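Here the sequence shown stands for residues 0 to 127, where the numbers follow numbering that gives the first Met the number 0. Cβ coordinates follow ideal geometry from the N, Cα and C atoms, glycine included. It should be emphasised that the depicted structure is a prediction, and the values quoted were computed from it without experimental measurement.
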Amino acid sequence: MRPGRPYTVVLVDDSTPYRRGIARAIDAHDELVLVGECDGGEAGLAAIEALRPDVVVLDVRMPDVDGLTICRRLRDEPGTRTRAVVISAGMDDVVRGLALAAGAAATLSKTATRREICSAAVRVARAG
Numbered sequence: 000m001r002p003g004r005p006y007t008v009v010l011v012d013d014s015t016p017y018r019r020g021i022a023r024a025i026d027a028h029d030e031l032v033l034v035g036e037c038d039g040g041e042a043g044l045a046a047i048e049a050l051r052p053d054v055v056v057l058d059v060r061m062p063d064v065d066g067l068t069i070c071r072r073l074r075d076e077p078g079t080r081t082r083a084v085v086i087s088a089g090m091d092d093v094v095r096g097l098a099l100a101a102g103a104a105a106t107l108s109k110t111a112t113r114r115e116i117c118s119a120a121v122r123v124a125r126a127g
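Written out as structure tokens, the structure reads:
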């Protein structure tokens, strides 16, 4: 954690029940603060641009802009410090490779625990 400040997080996932569960876990974590919660990629991009979080936790598959596109935009934007943790119900070696190539700092299956997702967010924020 930065002295006196938790790491800021934007959460982007089109599954409302899943997103709310992860949001509660982030809210309960001492080293993280949720500054934005979005139900799609377009809204996620707008929130990332406006809020400049330390970390974005995002789903790969969404109906408008997918998580890999968001990762590529973050990777290609000069001066961005936001790091991505990509989650997917279908996480396998292919999806993991695509996410990492797109610029994700970490990848997790949606079967990961909330604690594991929060730990990944802290880890990539510290490395950022």
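Per-residue DSSP class, three states only, for residue i
{"i": "S108", "result": "strand"}
{"i": "G20", "result": "helix"}
{"i": "G89", "result": "coil"}
{"i": "G96", "result": "helix"}
{"i": "A42", "result": "helix"}
{"i": "D29", "result": "coil"}
Assumed close pair residue i, residue j - CB separation to whole angstroms, cut-off 8 Å
{"i": "V8", "j": "C37", "result": "Contact doesn't hold; Cβ gap of about 12 Å is too wide."}
{"i": "R80", "j": "A24", "result": "With 8 Å as the limit, R80 and A24 do not qualify as a contact, their Cβ atoms being about 23 Å apart."}
{"i": "I21", "j": "V56", "result": "7 Å"}
Identified DSSP bridge partners for residue i
{"i": "G35", "result": "V9"}
### Task
Ignoring anything shorter than 3 residues or poking outside the region 49–86, list the beta strand (DSSP E) runs there in chain order.
54–58
#### Entry: Cβ contact check for the region 90–101 and the region 35–50: 3 or more pairs under 8 Å
no
### Query
Would the region 22–35 and the region 59–69 be scored as touching if the rule is three or more Cβ pairs under 8 Å?
no
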